[in-house]
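>
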Amino acid sequence: MAGFSRRAQLPPFLALLLLSLGTVGLLSLTASVLEVDLTVLQSATKRGAVCLDGSPPAYHFSGGFGSGESSWLVHIEGGGWCHNVTNCLSRMKGKLGSSRAMGAVRFSGILNDHGELNPYFYNWNKVKVGYCDGSSFTGDVDRVDPVSTNPPARPHLSRTNPPSLSLRILLSLSLSISLSFSFSAIFDAVMEDLLAKGMKNATNALLSGCSAGGLTSVLHCDRFRALLPADARVKCLTDGGYFVNAKDISGIEYVRAYFNSIVETHGSAKNLPPSCTLRMSPGMCFFPQYVAPRILTPLFILNAAYDSWQIRNILVPLPSDREGTWKDCRADITKCNTKQIEGMQVFRQEFLKDLGRTIASDPSNGFFINSCFAHCQTELTTVAEAVGLWFYDLRDFKEIDCPYPCDSSCYNNKYESQDGLEDNDIHKAISATLVRFRSQSRTYNERRE
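Residue numbers (our numbering): 3 to 451.
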């Protein structure tokens, strides 16, 4: 069915925003938010492009108008990842694994259609792609042999009779369940449908995403650019998606083990940028810091230096804090003691160091790194304005906030899950793969540049 747009009144408590660029703005209390229904790609299932539960992929679409009719903003939703069959099964019935669980969504921030609130993108064709996979649209394993109860952390993979780009996992537990992975195929199917809708004639295009979707925009940035006219202005935006390869407070490489497991389970290697996989192991190429410096398309990086998801799951995962001394700090940065803040400052320095390689790689890249304890920020009106200034080359936007607590404009310093993925899910996944990961032989050059 075709997408349908309607308006919903903005809740009064959201009408006032403290602007993040140093000025104070007031949203109209009568302003409304665009509510957009789902477009389901039923025909995509024929090519093997399906969500985890076998349902067709879907997206939300609001058509452009006026001067924005030939401009396109494609935004990829976030939603974390799944690292093995059991973990992916747990996502299968929700919107992170099934389009059947998706519904209408509100377009706000960079997707808002009010010119006074979103002056650079308000009248563009705007798309929000449903995220129902678990691999940032990189998976491409052709078949996983059926397993009985107690499936292994990494299922046995077979490549007999591969169906094009799709992955079909047939899983036999106590009940017969069909679990599908077709994530690269989903990206292709959605892009093909949008091209047919008019994106093939785009004069301006921006691929964006939040969190896991922000990682998607990095990994597929040049691929997206290649789909569009050579003379089009095409750029990419990652919001809260610049995940860094860092050790936790106990010295363990939790996130590296987790990303490695995701890539292995989903067979993502051949869909990761070859500019990285020719130099490093595929698991390392799930980190933006090893991919972004070689992206040819201009990239805008929007991230908090104290990204709340990364603080909770990279710097201080639950197993690294067995005494619970970080419990309050992990939830609210204002509850951190001096030593904990010092640890976060070291994390910030490492984040900025890794970011520096991307910044130096192309002067057309832009970035806005604030000192908030936040994760995903393009829902904020002024962030959308900052991206617009950069997109149209009206400002060479390269901004890094001073260290916490200097930024008084942060709208929230408490952790709020944006991915629908709880910390415990991540830590269980990581713990299950650490032993195997550490014992693997190093067959790739994994040097840091």
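The beta-carbon is built from N, C-alpha and C at its ideal position, and this holds for glycine as well. In this text, all values refer to a predicted model and were calculated from it rather than measured experimentally.
#1: In the DSSP output, which residue or residues are listed as bridge partners for histidine 62?
#2: Just the C-alpha distance for serine 101 and phenylalanine 226, rounded to the nearest angstrom, thanks.
#3: Please determine whether the Cβ atom of phenylalanine 399 lies at a distance below 8 angstroms from any heavy atom of the ligand HEM.
#4: Evaluate the contact criterion for the stretch 189-206 versus the stretch 228-236: three or more CB pairs, one atom per stretch, below 8 angstroms.
#5: According to DSSP, which residues form a beta bridge with tryptophan 74?
#6: List the endpoints of the continuous alpha helix (DSSP H) containing isoleucine 343.
#7: In whole angstroms, what separates the C-alpha of proline 407 from that of valine 42?
#8: Please list, in chain order, all residues of the same chain as serine 69 whose beta carbon is under 7 angstroms from its beta carbon, the five residues on each side excluded.
#9: Output the distance between the C-alpha atoms of proline 300 and glutamate 325, rounded to the nearest integer angstrom.
#10: Suppose you measure from the CA of asparagine 426 to the CA of serine 72; what does that come to, to the nearest Å?
#11: On the three-state DSSP scale, how would you describe glutamate 401?
#12: Going by DSSP, what residues sit across from alanine 306 in a beta bridge?
#13: Quick check: what's the CA-CA separation for leucine 75 versus arginine 93?
#14: Just curious, the beta strand (DSSP E) that leucine 239 is in, first and last residue?
#15: Terminal residues of the continuous beta strand (DSSP E) containing phenylalanine 109?
#16: Given a cut-off of 9 angstroms on the beta-carbon distance, is the pair asparagine 114 and alanine 386 in contact?
#17: Let's see if you can read the secondary structure: which residues bound the alpha helix (DSSP H) around cysteine 223?
#18: Would you call the CB atoms of alanine 307 and isoleucine 188 closer than 9 angstroms?
#19: Using 8 angstroms as the Cβ pair cut-off and three pairs as the minimum, do the stretch 285-304 and the stretch 367-379 touch?
#20: Out of Phe393, Gly269 and Val293, which one is the CA nearest neighbour of leucine 280?
#21: Go ahead and pull the three-state DSSP assignment for leucine 197.
#22: Sort Ile297, Ala46, Cys223 and Phe289 by Cα distance to glutamine 312 and report the nearest one.
#23: Could you check the C-alpha separation between serine 410 and threonine 336 for me, to the nearest Å?
#24: If you count every other CB in all the chains shown that lies within 10 Å of the CB of glutamine 379, and 16 or more means buried, which is it?
#25: For glutamine 342, count neighbouring Cβ atoms within 10 angstroms of its own Cβ and tell me buried if that reaches 16, exposed if not.
#26: On the premise that asparagine 120 lies in contact with glycine 66, defined as a C-beta separation below 8 angstroms, what is that separation, rounded to the nearest angstrom?
#27: Taking the alpha-carbon of glutamate 352 as reference, which of Ile316, Val38 and Lys329 has the nearest alpha-carbon?
#28: Find out if the Cβ-Cβ distance for the pair histidine 62, glycine 132 is shorter than 9 angstroms.
#29: If you reduce the DSSP assignment to three classes, tell me which class aspartate 142 lands in.
#30: Quick check: valine 38 and lysine 97, are their CB atoms within less than 9 angstroms of each other?
Straight from the coordinates:
#1: Checking the DSSP bridge columns, you'll see histidine 62 partnered with Leu40 and Lys130.
#2: Between serine 101 and phenylalanine 226, the C-alpha separation is close to 23 angstroms.
#3: As for the ligand HEM, it is missing from this structure, which has no ligand bound.
#4: Under the 8 angstroms Cβ criterion, the stretch 189-206 counts as touching the stretch 228-236, having at least three qualifying pairs.
#5: Under DSSP, tryptophan 74 forms a beta bridge with Asn127 and Ala207.
#6: Residue range 340-363 is occupied by the alpha helix (DSSP H) that includes isoleucine 343.
#7: The alpha-carbon atoms of proline 407 and valine 42 are separated by roughly 45 angstroms.
#8: For serine 69, where only same-chain residues beyond five positions count, the Cβ hits under 7 angstroms are Asn125.
#9: In this model, proline 300 and glutamate 325 are separated by some 44 angstroms (Cα to Cα).
#10: Reliability of the predicted coordinates at asparagine 426 is poor, the pLDDT of 46 falling under 50, and the value obtained from them is presented with this limitation in mind. If you take the alpha carbons of asparagine 426 and serine 72, they lie about 44 angstroms apart.
#11: Strand, per DSSP.
#12: DSSP output for alanine 306 lists Asn372 as bridge partner(s).
#13: Their backbone Cα atoms lie some 27 angstroms apart in a straight line.
#14: It spans 235-241 - the beta strand (DSSP E) in which leucine 239 sits, taken as one unbroken run.
#15: Start and end: 107-109.
#16: Result yes, Cβ atoms of asparagine 114 and alanine 386 sit closer than 9 angstroms.
#17: Per DSSP, cysteine 223 belongs to the alpha helix (DSSP H) from 223-228.
#18: No, the pair does not count as a contact, with Cβ atoms beyond the cut-off.
#19: Yes, they touch.
#20: When each option's Cα is compared against that of leucine 280, the closest is Val293.
#21: Helix.
#22: When C-alpha distances from glutamine 312 are compared across Ile297, Ala46, Cys223 and Phe289, the shortest belongs to Phe289.
#23: Rounded to whole angstroms, serine 410 and threonine 336 show a C-alpha spacing of 12 angstroms.
#24: With 16 or more other CB atoms across the displayed protein chains lying within 10 angstroms of its CB, glutamine 379 is buried.
#25: Its Cβ being crowded by 16 or more others within 10 Å, glutamine 342 is buried.
#26: Incorrect: roughly 13 angstroms between the Cβ atoms, too far for contact.
#27: Glutamate 352 has its Cα closest to that of Ile316, out of Ile316, Val38 and Lys329.
#28: With respect to the 9 angstroms criterion, histidine 62 and glycine 132 are classified as neighbours on the basis of their beta carbons.
#29: Aspartate 142 sits in coil when the DSSP states are folded into three classes, being neither helix nor strand.
#30: No, the Cβ-Cβ distance between valine 38 and lysine 97 is not below 9 angstroms.
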